[in-house]
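Undergrad:
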Amino acid sequence: MLEVGGGEGELAERIVNELGAELVGIDQSERMVEIQRSKGLDARVGDAQELPFADGEFDAALAAWMLYHVPDPHRAVAELARVLRPGGRLVAVGNSIEHLAELWDLMGRDREYRREVFGRETAEDWLLRSFARVERHDVEGWVTMDEAAVRRYVASWSDLGSEHDVPPLEEPLRVRRACSVFVAETAG
Ligand SMILES: C[S@@+](CC[C@H](N)C(=O)[O-])C[C@H]1O[C@@H](n2cnc3c(N)ncnc32)[C@H](O)[C@@H]1O
């Protein structure tokens, strides 16, 4: 199995330990690769847009909450399809434009551009350019954030503005989560 953009490798660790799968992780961040290696994972620095693997090398691939960071997601999707065997599967996770809507509204930010990134509204069409079949599974939920949590989150993502612009909250903010898990299969 291949994971691209696995971050700190939490999911990879579970896949290896709980399923016994053989897994290689590629992440563009040296720090993330270091963290993955500290967990005993086989991790390498690399770019999802240019995978250092032969055609058909993997049975399955995973790209969780990362394809919206990649400058050319179409190229990354094509690369993931290339390194999968015929009938191999990619699991890709992204968000809907509605994800954290209340937080975007609180910060007065326009989230329309998110219709154009890899996510619930785009991914099915984009994956079908390189894969034969795509399934979409929507995951919805709610999180409650107090002011400190909102500040921390905003500080971690400049698209939401500056943490100094977070208005005082009289009560915790209830924020929706709206993600989609895509399972894409190469032609068999
Ligand atoms: C939001 S984190 C997601 C981490 C993890 N998959 C998770 O769900 O918690 C995005 C990760 O993708 C990595 N990344 C971004 N662009 C990449 C690229 N072009 N190739 C490989 N990794 C990339 C980042 O370094 C980061 O570790």
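For the sequence shown, the numbering used here gives the first residue as 156, with consecutive numbering after it.
Just so it is clear, CB atoms sit at the ideal spot from N, CA and C, and this is done for glycine as well.
In this text the structure is predicted, and so the values were computed from the model without any measurement.
Quick one: measure Cβ to Cβ for Val179 and Asp197, integer angstroms, because I've assumed they're closer than 8 angstroms.
TA: In the sequence shown, residue 179 corresponds to position 24, counting from 1. In the sequence shown, residue 197 corresponds to position 42, counting from 1. Right, their Cβ atoms sit about 5 angstroms apart.
Undergrad: Using a Cβ-Cβ cutoff of less than 6 angstroms, which residues in the same chain neighbour Asp202 once the five nearest sequence positions on both sides are dropped?
TA: For the purposes of this step, residue 202 is identified with residue 47 of the sequence shown, where counting begins at 1. Cβ within range, chain order: Gln183.
Undergrad: Going by C-alpha distance, which of Lys194, Ala216, Tyr223, Arg192 is nearest Arg270?
TA: As a working note, residue 270 is residue 115 in the sequence shown. The shortest Cα separation from Arg270 among Lys194, Ala216, Tyr223, Arg192 belongs to Tyr223.
Undergrad: Check the DSSP bridge columns for Ala216 and list the partner residues they point to.
TA: In the sequence shown, residue 216 corresponds to position 61, counting from 1. According to DSSP, Ala216 bridges with Leu157, Leu245.
Undergrad: Cutting at 7 angstroms between CB atoms, please list the residues of its own chain near Ala342, excluding the five before and the five after it.
TA: In the sequence shown, counting from the first residue as 1, residue 342 sits at position 187. Answer for Ala342: Pro241, Ala287, listed in chain order.
Undergrad: So does Ile181 have its beta carbon nearer than 7 angstroms to some heavy atom of ligand 1?
TA: Counted from its first residue, the sequence shown places residue 181 at position 26. Flag set: Cβ of Ile181 near ligand 1.
Undergrad: Start and end of the alpha helix (DSSP H) containing Arg344?
TA: The chain is shown from 156 up to 343; residue 344 falls before or after that span and cannot be answered.
Undergrad: Just checking Met187 against ligand 1 - is the residue's beta carbon closer than 7 angstroms to any of the ligand's heavy atoms?
TA: Indexing the sequence shown from 1 puts residue 187 at position 32. Met187: yes, Cβ under 7 angstroms from ligand 1.
Undergrad: Do Arg169 and Gln204 count as a contact pair if the criterion is CB distance below 8 angstroms?
TA: Counting from one through the sequence shown, the residue named residue 204 turns up at place 49. Counting from one through the sequence shown, the residue named residue 169 turns up at place 14. No, Cβ-Cβ distance for Gln204 and Arg169 is not below 8 angstroms.
Undergrad: Tell me whether Gln204 counts as near ligand 1, meaning its Cβ is closer than 7 angstroms to at least one heavy atom of that ligand.
TA: The residue labelled residue 204 in the question sits at position 49 within the sequence shown. Gln204 Cβ: within cutoff of ligand 1.
Undergrad: Given a cut-off of 8 angstroms on the beta-carbon distance, is the pair Leu157 and Ala216 in contact?
TA: Counting from one through the sequence shown, the residue named residue 157 turns up at place 2. Counting from one through the sequence shown, the residue named residue 216 turns up at place 61. Cβ distance < 8 angstroms, so Leu157 and Ala216 count as in contact.
Undergrad: State buried or exposed for Arg275, treating a residue as buried only when at least 16 other CB atoms are found within 10 Å of its CB.
TA: Reading the sequence shown from its first residue, position 120 is the one you call residue 275. The residue is buried, with at least 16 neighbouring Cβ atoms inside 10 Å.
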